[in-house]
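Visitor: Chains as they are written, first to last, in full-length UniProt numbering: chain A, 1 to 405; chain B, 1 to 405; chain C, 1 to 405; chain D, 1 to 405. Cβ coordinates follow ideal geometry from the N, Cα and C atoms, glycine included. Handing you this structure, nothing more for now.
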């Protein structure tokens, strides 16, 4: 394998950092750079990225701008939601779940255009570099990976701006000064971290939030919605059938309005340090609880408890960037197997930052009023069975008690 | 072992059901019945229980009314909270955690008064019978257990009332008719189930709630509080040191006021069926999130993730009644080991049903601004290390990719 | 549902106990009894069972004798072996894995002949009653289950013999006296327990073993064999393709000859007590290690370790009788997913009770001499990557060490 | 923190490699090197290491040769054995468990002599570098770690020999040529890997084994021994009390004689590749099975199964070098809690490579002949309890069966 790079596919947002990277790659490697800009519903115009790429000499056929929104929700967000994954008990993994899709598409493009290298704009302290690169390597084991933030000498904002000025890269007015925090966004969430958020004792300032109203400013009346699920995935809101991405966007609208899905978290990064982030996952927070709601009546206890035991590991794998790994796929196989009858309707109340499951029904419900009722159950359950059940569950404890107590 | 019972210790609330049981035991077994009424902070007068027991002929020295509130919170609620236990992802185990303490005290009294049997008023369909009886058997392997609801023929409310009337047991006015649902309460929570709650599609009616205001009726302004933790346990609120029970009661007041801790759940009982319950855990819900908050900065990742993997099993053990089991104690040993430096302060915002951790600090914080900062970190972290880290994490995926992709 | 039984399908071995049960069922329920005798390779003649059933008045079309050997190995033993399941670290689950198949076939026959009840000859202290009945209930939720050993009054051997004599049931000469231990057998193993085995300090007497020679009597020279695997299942021995049952039988022959697969175990029964058993699993013990051997070169680490973490739970489920449960099926889905490339050849040395994997090869091997070699690896692995790998794995421990040490 | 190194503590075996490293460190860093040679029962003379260190100018007071045998077995091997740890189902972790002790002692010496750096002779492809360095960093977060194999240019054996010749480092006759494989040894085991072992299809040649006779050459008669355990640790053999190290040495003698504990394994390294090793763990293999034997009668099922579920993760942590981590310590706390009554005697048969537990007894036995017996149990167990036990365990499966089958 020679070290000479011929063509690089760059994950390109069109922002200042990846514009600088684009130029730096062209200069440093003296080769063609192909830009790839993904629409993951981050809510930004993508055409300016095309203009920028053109301006910096990227060939027309080497500018890729792809709408991945449906694929993102259908093949990444929904499978993850089937597992009820929460990292460290609370985090809905909004950034983590987008990285493997970007990596996958980047590798597809590399194969298409005959590139031998890929590059991204993630820094050397974060998790995203790991997620991108594990994806690259899993899907294209011999690809060359270039991570400029770990390699170049533009180690301060001042030097980055100087480089941009020197190479006539447009610098947005608000990027001249230091941004007060850094963000990542896609259809599932927006994350913010750094600077004003770095002291975990200080409350997140209001200006950091962009995807949700403050619960205090949310409507004074609760709103009720229903979500229909089929085989573990959302298919309709208030009875109206929707594609995965449309469904998530619709839930985002509800979540934004009612101030739902804000999370202030100090988490453990895969690279070894703790960081403090602020996440907004408006639609995802609603969806997560709704999915639990429909599982409550359609999932057997054995399946449900096994899922609960597997979920922390599953979440950790996604957080750490192991989406394309046999162990994540094995867990997915187990989870997906369990979802065959996770079909039905959940009713939710949304109010001032809160999501409350208030009803659930299903043609496949395992809940039996007849069995559970305090009333006469017509023999559906023989209470005397409980005596034997308890006696045999107690047997080992009694033998132990005789020895130890 | 002869079958003749000499003396029975009954878990006695003083309500209609356990009063009927008291009489029925006296009649059926022709022996002395000792009553034990526990104050677990359920918020009811306990002296009426004494009067009732007297009225039914229980000897003065055989009437036990014990205040177990501090022991309950210190030795049961707090250890459980150290584990971040949630049953089926959501339930704070308020009923489950009280049963082992009642069982333990009942067995202690049985030993004190020389009783050879214990009895309780839990029905044959629920989990509580299991929790009581596993506790009894673990602590006193040869004790005789009498579960009237599984044995007698008072299988309808009408017959129960008839029995009460016939034996001049006072019947509270509101118990003549059918109660619209059934409840259990202690300092940690109130649970409600049955009757009006039996259709899981129907929203819980407002009159079911007793421990919290409706979030819609909660104050329009958020309130901030701090909780101080030492070695994993809460010790102060807003800087004021408190005993465990006082601390939980104080949080209950905050939770009640702000409508916090309501949960509508369809859960899987240990005895095999699904049931729908409504839980109010006002203080516990606040405490649970606060504990996670302080762990975020004081717990190492390895410890935190191991705890997350063990928590579902730990919660299941408590739910199923295995508090007094070697496996619960082993998990507790692991959890407690992790809490040695879980010391510090969490700041929380309470608002309309929501609890938000907004700040945490600790003399033992593992969060390092110096390491995590986007700014110059003065060599605390070498970004180039990440390259090797990723390469070796990727190695097996690359070997796999070469084979499979 | 009425209590009147119309027709019962009995799991019928043709031995004394199930013959007595057959008669007892006819008498007690006054209904037709259908006999089902499974050939699971237990190595007994089955035609005598037919004769006995006839003799006791079972209609010709109600006598079922089915050869289930291939189904047993293909659909039960092999899937379990894919999971490397060992109960309590050592036991290959030979009895446990046969029960669900018998239950399944019994239910199929019940549906065929319009029976409303099923019955078996397992006692009330063992695991087998649970395994049979959980299978029955899972596959036919409303079937009536009759477990004579828990119901009748033939509670001693003497009374059983009396009953047999009275009803002219042939009593094998060796059954008049007490058998010195009790056994179960199928193609995978023979288990022995009870009587002479009940003191776990006493060595198992030689006459208990029936499936293997004593290692001391095994050949003095080792023997080498190969097993070929495809997608996780054995397909050939010494290069000769075989059906699943033939393959297992062939391994049984090797195992018998070399004294392989004896296990003396004190285990924990699902019904709560400890029991001591002696197991002979000649072919299974060879197969188990061979399967691990082929996985060593074809399974990725992530998959392998996840399998190892799941295996104890999987084994427990089978031991406890939960073969037909969603959680076992979910785990199977995960395990099976991992086996797609578990293809190749394992070479084994068999000698005096020992099985040694001495070689393995595969077209899908993930083992790379090029990467692992101590010699020059031509850049396949950059040793400097290890520095970063270690540094970032150490980071959290260093932060912790600064705080705690 | 300056980069200037003042004093280095080297883990020094006295062999060629670490002698070259000693010289290289002196030259490269121009500072004092302190040598530390651990006696872990590897069976080599250690005084030659002293002579060599002297020869190379190490000050007398800077030559440390410590007998760590008792500490090794008592504080590392035994705790690990309590957990029944097996890496990838088979490997007794003989190399892995020695590394943390060496690292710990090295750090202690560094503190004693005021050294600011530590160094070891492990290569950049293996696990040992990770185990050493994670230990160093955990115990001394700011220590400087020097790993010559990852840093220097002596990348071939020829260059290493040249360097040794040039610096008059004595070269053992047998080290001039290429060694046919590489080994590591301590009291628990000897491992061999590389060269002649690199093709996993080729059987390990006989000359590789050094700690055990070939089973074929072992005595033709079996030998029986007993091991006494107290609280989970071995304390006596054949009734003779022994210190931990003496006990393990004695078992090693038995194991060697009977050809016990050979393992040919392809395993997954933490650094990402598969490697093939041959392990001899004669005493450890006996001890491991004996410990399982005594647990069989003294450990409750709940404790035993929890241990089995935790063991793979525990083993992985040790293998990967995380001995000094909170999660390993948490698991140890759980394991140790379970061992309080793991006291009693195990009887074993040793024969031609095989270890067979043939008897176990304990004053704390939970095995109850009275309960388990096929004979009349005088009411110790009521078989009718099993009916209720099964019915309630089946309930969820029946509800599921009604829905799905």
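1) Can you give me the C-alpha to C-alpha distance between residue 424 of chain A and residue 214 of chain D, rounded to a whole angstrom?
2) Excluding the five sequence neighbours on either side, which residues of its own chain have a C-beta within less than 8 Å of the C-beta of residue 378 of chain B, listed in chain order?
3) What ranges does the alpha helix (DSSP H) occupy inside the region 8-88 of chain B, keeping only unbroken runs of at least 4 residues that lie completely in it?
4) Is there a C-beta anywhere in chain B that falls below 9 Å from the one on residue 242 of chain D?
5) Looking at C-alpha atoms only, which residue of D/11, D/222, D/76, D/405 is the closest neighbour of residue 62 of chain D?
6) If we ignore side chains and look at the alpha-carbon of each, how far apart do residue 297 of chain C and residue 400 of chain B end up?
7) Below 7 Å CB to CB, which residues in the same chain sit around residue 81 of chain C once its five sequence neighbours on both sides are set aside?
8) Whose Cβ in chain A lies nearer than 7 Å to the Cβ of residue 326 of chain C?
9) Whole-angstrom Cβ separation of residue 122 of chain D and residue 34 of chain D, contact assumed at under 8 Å?
10) Suppose contacts are defined by Cβ-Cβ distances below 9 Å. Is residue 28 of chain B in contact with residue 14 of chain B by that definition?
11) Does any residue of chain B have a CB that is nearer than 9 Å to the CB of residue 1 of chain A?
12) Between residue 261 of chain A and residue 183 of chain A, which are expected to be in contact by the criterion C-beta below 8 Å, what is the C-beta distance as a whole number of angstroms?
13) Which residues mark the beginning and the end of the alpha helix (DSSP H) in which residue 304 of chain D is found?
14) I need the DSSP call for residue 405 of chain A, collapsed to helix, strand or coil.
15) With DSSP run on the structure shown, which of helix, strand or coil describes residue 384 of chain C?
16) Measure the alpha-carbon distance for residue 316 of chain A versus residue 299 of chain C and round it to whole angstroms.
17) Name the residues in the region 283-297 of chain C whose C-beta lies less than 7 Å from a C-beta of chain D; which are they?
18) Mind listing the chain D neighbours of residue 333 of chain B? Cutoff is C-beta to C-beta under 8 Å, in chain order.
19) Inspect the CB distances between the region 249-260 of chain D and the region 336-356 of chain D and report whether three or more fall short of 8 Å.
20) For residue 119 of chain D, count neighbouring Cβ atoms within 10 angstroms of its own Cβ and tell me buried if that reaches 16, exposed if not.
21) Please identify, using Cβ separations under 8 Å, the residues of the region 103-116 of chain A that lie next to chain B, in order along the chain.
22) To the nearest angstrom, report how far apart residue 94 of chain D and residue 308 of chain D are at their CA atoms.
23) Quick one: is residue 240 of chain C buried, meaning 16 or more other Cβ sit within 10 Å of its Cβ, or exposed?
24) Between which two residues does the beta strand (DSSP E) holding residue 229 of chain C run?
25) If we define contact as Cβ-Cβ less than 9 Å, is residue 139 of chain A a contact residue for chain C?
26) What do you get for residue 273 of chain A, buried or exposed, if any count of 16 or more other CB atoms within 10 angstroms of its CB means buried?
27) Return the chain-ordered list of same chain residues with a C-beta closer than 6 Å to the C-beta of residue 2 of chain B, the five sequence neighbours on each side being excluded.
28) Under 9 Å, Cβ to Cβ, is there at least one residue of chain A near residue 399 of chain C?
29) Mark residue 233 of chain B as exposed unless 16 or more other C-beta atoms lie within 10 angstroms of its C-beta, in which case mark it buried.
30) Under 7 Å Cβ to Cβ from residue 390 of chain D, same chain only, skipping five residues before and after it: list those, please.
31) Restricting to Cα atoms, I'd like to know which of C/364, C/363, C/383, C/171 is closest to residue 372 of chain C.
32) What's the C-alpha gap between residue 275 of chain D and residue 313 of chain D?
33) What's the call for residue 125 of chain A, buried or exposed, on a 16-neighbour Cβ count within 10 Å?
34) What is the rounded straight-line gap between the Cα of residue 236 of chain C and the Cα of residue 221 of chain C?
35) Could you pull out every residue in the same chain whose Cβ sits closer than 6 Å to the Cβ of residue 134 of chain A, ignoring the five residues on either side in sequence?
36) What do you reckon, are the CB atoms on residue 407 of chain C and residue 380 of chain C nearer than 9 Å?
Guide: Considering the structure as presented:
1) The requested residue 424 of chain A is not part of the displayed model; chain A covers only 1 to 405.
2) Excluding residues within five positions, the ones whose Cβ falls inside 8 Å are 370.
3) Restricting attention to alpha helix (DSSP H) runs no shorter than 4 residues, the region 8-88 of chain B encloses them at 16-29, 47-55, 69-72, 78-82, ordered along the chain.
4) Contact with chain B is absent for residue 242 of chain D, since none of that chain's Cβ atoms lies less than 9 Å from the residue's Cβ.
5) Residue D/11 is the option with its Cα nearest to residue 62 of chain D.
6) Taken atom to atom, the span from the alpha-carbon of residue 297 of chain C to that of residue 400 of chain B is near 11 Å.
7) Excluding positions up to five away in sequence, the list reads 287, 288, 291.
8) Within chain A, the residues near residue 326 of chain C are 300, 302, 303, 338.
9) In this structure residue 122 of chain D is not in contact with residue 34 of chain D, their Cβ atoms being roughly 18 Å apart against a cut-off of 8 Å.
10) No; because the gap between Cβ atoms is not below 9 Å, this pair is not in contact.
11) Note that residue 1 of chain A scores a pLDDT of 38, beneath 50, so its modelled location is shaky and nothing firm can be said.
12) So it is not a contact: roughly 15 Å between Cβ atoms.
13) If you look at residue 304 of chain D, you'll find it in the alpha helix (DSSP H) that goes 301-320.
14) Reduced to three states, the DSSP call for residue 405 of chain A is coil.
15) Residue 384 of chain C falls in the coil class under three-state DSSP.
16) The alpha-carbon atoms of residue 316 of chain A and residue 299 of chain C are separated by roughly 21 Å.
17) Only those residues of the region 283-297 of chain C whose C-beta falls short of 7 Å from the nearest C-beta of chain D are listed: 292, 296, 297.
18) By Cβ distance, chain D contributes 333, 334, 336, 337.
19) Under the 8 Å Cβ criterion, the region 249-260 of chain D counts as touching the region 336-356 of chain D, having at least three qualifying pairs.
20) That one is buried.
21) Hits within the stretch: zero.
22) Whole-angstrom Cα-Cα distance: 20 Å.
23) Residue 240 of chain C counts as exposed, since fewer than 16 other C-beta atoms from the protein chains shown sit within 10 angstroms of its C-beta.
24) Secondary structure note for residue 229 of chain C: its beta strand (DSSP E) is the uninterrupted segment 223-230.
25) No, residue 139 of chain A does not count as interfacial toward chain C.
26) With 16 or more other Cβ atoms within 10 Å, it is buried.
27) Reliability of the predicted coordinates at residue 2 of chain B is poor, the pLDDT of 48 falling under 50, and the value obtained from them is presented with this limitation in mind. Closer than 6 Å at the Cβ level, and outside the excluded window around residue 2 of chain B, lies no residue.
28) Yes - at least one Cβ of chain A is within 9 Å of the one on residue 399 of chain C.
29) That one is buried.
30) There are no such residues.
31) The residue with the shortest Cα to Cα distance from residue 372 of chain C is C/383.
32) Their Cα atoms are separated by approximately 20 Å.
33) Label assigned to residue 125 of chain A: buried.
34) Cα to Cα, the separation comes out at about 23 Å.
35) The residues are 321.
36) In the structure as shown, chain C begins at 1 and stops at 405. Residue 407 of chain C is therefore absent and cannot be evaluated.
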